[in-house]
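Which chain is which? The protein sequence lines are A and B, in order.
Residues -13 to 262 (this note's numbering) are what the first sequence spells out, left to right.
Residues 11 to 314 (this note's numbering) are what the second sequence spells out, left to right.
Note that the Cβ used here is the ideal one computed from N, Cα and C, for glycine as well.
As the structure is a prediction and not an experimental result, all values here were calculated from the model.
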Amino acid sequence: MLLLKRKSILPGFGLSMGITTVYLSLIAVIPLSTIFLKTAQMSPAQFWQTVASARVLASFRLSFGASLVAAFVNSIFGLLVAWTMVRYPFPGRTIVDALIDLPFALPTAVAGITLTTLCATNGWIGRYAELAGIKISYTPLGITIALIFVGLPFIIRTVEPVLEEFDLELEEAAATLGAGRFQTFLRVILPNLFPAVLTGFALAFARAVGEYGSVVFIAGNMPMKTEIVPLLIMTRLEQFDYRGATAIALVMLLFSFALLLTINVIQRWTSRFYAQ
Amino acid sequence: MAMIISRAGAPARRASLSVSEPRLVRIALTTTALIFLLFFLGLPLFAVFFYALNKGVGVYLASIADRYTLSAIFKTLLTASIAVPLNVAFGIAAAWAIARFDFHGKNILTTMIDLPFAVSPVIAGMIFVLLFGSQGIFGAWLTSHDIKIIFATPGIILATTFVTFPIVARELIPAMQASGSEEEEAALSLGASGWQAFWRVTIPNVKWALLYGVIICNARAMGEFGAVSVVSGSIRGKTVTMPLWVEILYNEYNFAGAFAVASLLTLLALVTILAKRLIAAPAISNEISDERAESIEAKLGEAA
């Protein structure tokens, strides 16, 4: 085997590597490459016209904007939840902690219809929001709420293990040196948690940008106003405008790959950071 | 589960006052966190079952026994029963190659396995339309041979397989790396064949990770919505899976029916979460007992 760096006495490299590459090619690489093939059929001018149209730009602004806000809200509350989970034991904590995985496990369509029903003007939440003059369903606010739900576990799950391993001696040292509790949190604890929060933020953001199922119901899907990018791709496909759909998808895909790469870099930096 | 470990050590921590917050602050922070979770997790979870049973148990059971609901349940089970075993086979092969051998391009391979996580579900469905749709690359050939993939069951299975293929591999790779290859090497030197070593040593060593991967993979396969909705065409009774049926019922204002089907998917999610907790327990039980032993020793030391 030319690929092998070292000989191994274990058998099965050829077989397992063969299955892996063939499967990966058939199910992922070849299908994904169609996006590049299809866009290559367009002239640069056509591509640009599709991608830079007002409606597409508006949906990109909405998708990225709402995802950023949702990831930011999740960072703050995720940090708070992780902190209370690790530091302040309360009865029933194991159950609450298990439930945090719900957005990972719940099918997105279920989350979508439930949040929409709750936030509708006659829903349990929407009713009171309306009294306060806030409309949630069919607005960017509703989209953001759905994205907060979807991204909720990411930051909690990246921060929790770091907080558990956190060296209390650092906090004791800060206290001995006369720092108040809040000062210690701000200048000793928070800087140490930052890489974990950043990883969680990037993961939640990446998930939110591509999210479809939980958002379509609450969004209302009005062009220029509440139309997210995945929905725009869907609309183009339904109109058999495959080129338009692929061009938008390519931009999104390149962005996602860049983000995936960034997350990998952050994680490598993080593991070195925590190894110190 | 790591939670439990830390709690065992918690009382010792709390003894020193300098690293804790005033009681009032603690209560305020805990309350805020719980209110956030109540609104974003508790309320939606309760609402699914409330709206499902709102019109009475009769309506609930009738919605589930509906012809189209049963057909959607069957389609979902069929999809998962093909996608999950395929992904298990791939996951085992990929984990064996990556965890047991050192080869060029390993990092690239590992990153490629993560690809579906970076792709929007809608794009995941779209790529199969570009391949097999009527205007797709193989469209003309498929039409002339009268084979339907898009707007038919094969498309649903393909899209689901794509979305879920990394899951088992991602659980198995670290587990196989952690168990090391010494035991397999020992088995081989004692005269076992490669397959014997694999079935009797490797698989038992990673059984919990494998089971966990299968459960998560199954949950995702049964719940996938975006990718499936692109390739399905939503032909009632033919290409409608449970999540798609939830969408159709909801859009027809049949809320009791939509939430009845949604409640089944929610139960699946809850079982998945529970299974995660139960499986994680035996996997780290050694770690816990070590931890317990240490804390007992520490207490004995204090008493002396």
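How about residue i and residue j: are their beta carbons less than 7 angstroms apart?
i                 : j                 : result
Met186 of chain B : Ala105 of chain B : yes
Gly112 of chain A : Ile99 of chain A  : no
Ala52 of chain A  : Pro126 of chain A : yes
Ala134 of chain B : Phe161 of chain B : no
Ala207 of chain B : Leu198 of chain B : yes
Gly64 of chain A  : Ile142 of chain A : yes
Gly137 of chain A : Ala205 of chain A : no
Gly236 of chain B : Pro131 of chain B : yes
Leu236 of chain A : Ile21 of chain A  : yes
Asn318 of chain B : Phe175 of chain B : Summary: the structure shown does not reach residue 318 of chain B, with chain B confined to residues 11 through 314, and so no result is reported for it.
Ala132 of chain A : Val201 of chain A : yes
Pro54 of chain B  : Pro93 of chain A  : no
Thr162 of chain A : Ile252 of chain A : no
Leu72 of chain A  : Glu155 of chain A : Strictly speaking, residue 72 of chain A in this sequence is Val, with Leu absent from that position. Cβ atoms of Val72 of chain A and Glu155 of chain A: not closer than 7 angstroms.
Ser242 of chain B : Thr249 of chain B : yes
Ser19 of chain A  : Phe111 of chain B : no
Ala190 of chain A : Ala57 of chain A  : yes
Ala62 of chain B  : Phe269 of chain B : yes
Thr276 of chain B : Glu234 of chain B : no
Ala103 of chain B : Ile219 of chain A : no
Val256 of chain B : Ala91 of chain A  : no
Phe187 of chain A : Ser61 of chain A  : yes
In the DSSP output, what is residue i paired with across the bridge?
i                 : result
Phe113 of chain B : A:Leu(-10)
So with Cβ pairs under 7 angstroms, would you call residue i a contact of chain B?
i                  : result
Met3 of chain A    : yes
Val263 of chain A  : In the structure as shown, chain A starts at -13 and stops at 262, and residue 263 of chain A therefore has no counterpart that could be examined.
Tyr260 of chain A  : no
Ser(-6) of chain A : yes
Ser242 of chain A  : yes
Ala95 of chain A   : yes
Phe(-1) of chain A : yes
Val67 of chain A   : yes
Lys24 of chain A   : yes
Asp227 of chain A  : no
Gly119 of chain A  : no
Ala84 of chain A   : yes
Tyr198 of chain A  : yes
Does residue i come within less than 7 angstroms of chain A when only Cβ atoms are used?
i                 : result
Val29 of chain B  : yes
Gly76 of chain B  : Reading off the sequence, residue 76 of chain B comes out as Asp, not Gly. No, because no Cβ of chain A sits closer than 7 angstroms to the Cβ of Asp76 of chain B.
Ala22 of chain B  : Legend: pLDDT at Ala22 of chain B = 45, less than 50; position of this residue unreliable, no value from coordinates given.
Glu194 of chain B : yes
Ile177 of chain B : no
Gly204 of chain B : yes
Glu257 of chain B : yes
Pro253 of chain B : yes
Phe51 of chain B  : According to the sequence provided, residue 51 of chain B is Leu. The question's Phe does not apply to it. Judged by the 7 angstroms Cβ criterion, Leu51 of chain B is in contact with chain A.
Met186 of chain B : no
Out of curiosity, what's the CA-to-CA distance linking residue i and residue j?
i                 : j                  : result
Gly199 of chain A : Ala97 of chain A   : 8 angstroms
Leu87 of chain B  : Thr163 of chain B  : 12 angstroms
Arg222 of chain A : Arg(-8) of chain A : 50 angstroms
Ala159 of chain A : Ile37 of chain B   : 25 angstroms
Tyr260 of chain A : Phe46 of chain A   : 35 angstroms
Ile45 of chain B  : Val67 of chain A   : 10 angstroms
Ala272 of chain B : His114 of chain B  : 46 angstroms
Ala266 of chain B : Phe60 of chain B   : 10 angstroms
Val29 of chain B  : Thr41 of chain B   : 20 angstroms
Arg302 of chain B : Tyr78 of chain B   : Because Arg302 of chain B carries a pLDDT of 49, less than 50, the predicted location of this residue cannot be relied on, and the following value inherits that uncertainty. Answer to the nearest angstrom: the Cα atoms are 53 angstroms apart.
Tyr228 of chain A : Cys105 of chain A  : 34 angstroms
Ser395 of chain B : Pro216 of chain A  : Residue 395 of chain B is absent from the model: chain B starts at 11 and stops at 314.
Thr251 of chain B : Ile167 of chain B  : 11 angstroms
Leu221 of chain B : Leu85 of chain A   : 20 angstroms
Leu152 of chain B : Met232 of chain B  : 27 angstroms
Cys227 of chain B : Val178 of chain B  : 7 angstroms
Thr232 of chain A : Lys24 of chain A   : 7 angstroms
Phe142 of chain B : Ala43 of chain B   : 48 angstroms
Ile249 of chain A : Phe241 of chain A  : 12 angstroms
Ala82 of chain B  : Gly247 of chain B  : 7 angstroms
Tyr257 of chain A : Leu176 of chain A  : Reading off the sequence, residue 257 of chain A comes out as Ser, not Tyr. Distance between the alpha carbons of Ser257 of chain A and Leu176 of chain A: 17 angstroms.
Ile129 of chain A : Ile120 of chain A  : 14 angstroms
Ala244 of chain A : Phe33 of chain A   : 20 angstroms
Ala22 of chain B  : Leu284 of chain B  : Caution is warranted here: a pLDDT of 45 is assigned to Ala22 of chain B, below 50, making its placement in the model unreliable, and the coordinate value is therefore given only provisionally. About 30 angstroms.
When the cut-off is 7 angstroms and only beta carbons count, does residue i lie next to chain C?
i                 : result
Met220 of chain A : Although the question refers to chain C, the structure presented lacks it and instead comprises the protein chains A and B.
Q: Go through the segment 156 to 242 of chain A residue by residue and report every complete run of the alpha helix (DSSP H) that reaches 4 residues or more, in order.
A: Taking only runs of at least 4 residues, the alpha helix (DSSP H) segments lying wholly in the segment 156 to 242 of chain A are 167 to 170, 176 to 196, 199 to 205 and 215 to 224.
Q: Would you mind listing the alpha helix (DSSP H) stretches within the segment 212 to 288 of chain B that are 4+ residues and don't spill past its ends, in chain order?
A: If you keep only unbroken alpha helix (DSSP H) runs of at least 4 residues inside the segment 212 to 288 of chain B, you get 217 to 233, 236 to 242 and 252 to 261.
(Q) Runs of 4 residues minimum, wholly inside the segment 61 to 141 of chain B: which ones carry the alpha helix (DSSP H) assignment? (A) Along the segment 61 to 141 of chain B, the alpha helix (DSSP H) occurs as fully enclosed runs of 4 or more residues at 67 to 75, 77 to 110, 116 to 123 and 125 to 128, listed in sequence order.
Q) Fully enclosed by the segment 149 to 187 of chain B, which alpha helix (DSSP H) runs are 4 residues long or longer? A) Correct list: 149 to 154.
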